[in-house]
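The opening residue of the sequence shown carries number 1 in my numbering; numbering runs sequentially from there. Working notes, beginning with the structure itself.
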Amino acid sequence: MFVLSRGAAGVLVGHPFDTVKVRLQVQNVDKPLYRGTIHCFQSIIRQESVFGLYKGIGSPMMGLTFINAIVFGVQGNAMRLLGHDTPTNQFLAGAAAGTIQCVICCPMELAKTRMQMQGTGEKKSSKKMYKSSLDCLVRIYKREGLWGVNRGMVTTLIREMPGFGVYFLAYDVLTRSLGCEPDNRYMIPKLLFAGGMAGIASWISTYPVDVIKSRLQADGVGGVNRYSSIADCVRQSVRREGYMVFTRGLTSTLLRAFPVNATTFATVTLVLMYARGVEEGPKDCEPAPTSHHTPIQPQAQPSSL
């Protein structure tokens, strides 16, 4: 329950940054509403109130438990099947977990993105297309079927599979290299640093794909579909905005990634350590004389880590 509450708190803290990220990723370059991260924050609060930053939060809140269950289960079983705890196997197990959780993640992010784009620039929308994240998915299903509910699945897979692999790999490598001994007075700061950097590494490794995913999932919100495929979205985006298009919203993403993932990794690792009664500390943080240590896995974050 504590871990779940911690995940919910992470969503509450991080969602405003995610809203800013999505708005910056999909805004019309010919008529941009926002000049950057800070201006986007200010504009949303001024035009839509602070609640505008929390549009679509119901979706990640609903998907949090399911995603955590899938990631924990798949990653743990994958590590047991692989047999040895090595950085390579950490990447493979994380990639497997990221792949499977896309079944929940893709529809969840579709609803989140549609809700975040609804009523842009309006304090009180005169006409709301969707009442809630669930209503959004129901309406999309009635109109477009399962294909519509899973819009952006390919890009979600391309993002999540390596993204989760890098996520677990980076944390494993950093905690080993930092030597987070349980009797080290700096163990918690080291865990925070390793967790935060793991989140940043994961996002940087797959961020261009996230931009394309957001554009595909937001496509058609205004009644007009601009992109016919992933390749068409990439081609149009690069032609109109250059390659810097793949960095849109990155600042907001990294501002969210470090603190959310830092506290998540450190909290879950320490909670699991004490829950198991392991006096010598979390296994992840011990210098491994052999390749046979059992890692304590962190909590996965919804909306791609």
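Ideal Cβ positions, reconstructed from N, Cα and C, are used throughout, including at glycine.
Three-state secondary structure assigned by DSSP to Ser252: helix
Selection from Ala201, Asn28, Met108 that minimises the alpha carbon distance to Phe66: Met108
Straight-line Cα distance separating Val11 from Gly145: 29 Å
Separation of Asp172 from Ala198, as counted between CA atoms: 9 Å
Presumed contact (8 Å Cβ cut-off) between Ala96 and Gly196, rounded CB distance: Rounded, the Cβ-Cβ distance is 24 Å, inconsistent with contact.
Assigned exposure category for Ser214 - 16 Cβ within 10 Å defines buried: buried
Span of the alpha helix (DSSP H) around Asp232: 230-241
Entirely enclosed alpha helix (DSSP H) segments - the region 128-176, minimum 4 residues: 133-149
Rounded separation between Trp203 and Trp147 - CA only: 27 Å
Where the alpha helix (DSSP H) containing Gln90 begins and where it ends: 87-100
Short Cβ contact (8 Å threshold) for Lys31 with Gln116: no
Alpha-carbon to alpha-carbon, Arg235 and Asn150: 22 Å
Where Ser110 falls: helix, strand or coil (DSSP): The sequence shown places Leu at residue 110, rather than the Ser named in the question. It is helical.
Short Cβ contact (8 Å threshold) for Thr8 with Leu53: Residue 8 is actually Ala in this sequence, not Thr. Their beta carbons are not under 8 Å apart, which means Ala8 does not touch Leu53 by this criterion.
Beta-carbon proximity list for Tyr141, same chain, < 7 Å, skipping 5 on both sides: Gly148, Val149
CB of Pro162 within 8 Å of CB of Thr206, strictly: yes
Among Gly220, Met61, His39, Leu270, the one whose alpha carbon lies nearest that of Phe134: At residue 134 the sequence reads Leu, which differs from the Phe that was named. Ranking the options by Cα distance to Leu134, first place goes to Met61.
Which of helix, strand or coil DSSP assigns to Glu280: The predicted model places Glu280 with a pLDDT of 47, which falls under 50 and marks its position as unreliable, so this point remains unresolved.
Beta-carbon gap between Phe193 and Gly94 smaller than 8 Å: no
Bounding residues of the alpha helix (DSSP H) (the contiguous stretch that carries Ser214): 187-218
Coarse secondary structure for Cys105, derived from DSSP in three states: helix
At least three beta-carbon pairs within less than 8 Å, the region 233-249 to the region 178-185: no
Alpha-carbon to alpha-carbon, Val260 and Ile188: 15 Å
6 Å CB neighbourhood of Ser59 in its chain, flanking five on each side removed: Met108, Ala111, Lys112, Ser133
Terminal residues of the alpha helix (DSSP H) in which Phe51 lies: First-last for Phe51: undefined, no H or E at that position.
Integer-rounded CB distance, given that Phe51 should sit under 8 Å from Phe168: Incorrect: roughly 35 Å between the Cβ atoms, too far for contact.
Distance, Gly152 Cα to Gly36 Cα: 25 Å
Counted within 10 angstroms of its Cβ, other Cβ atoms place Gln101 as buried (16 or more) or exposed: buried
Proximity of Gly14 and Arg256 at Cβ, strictly below 8 Å: yes
Environment of Ser228 [buried if 16+ CB atoms lie within 10 Å]: exposed
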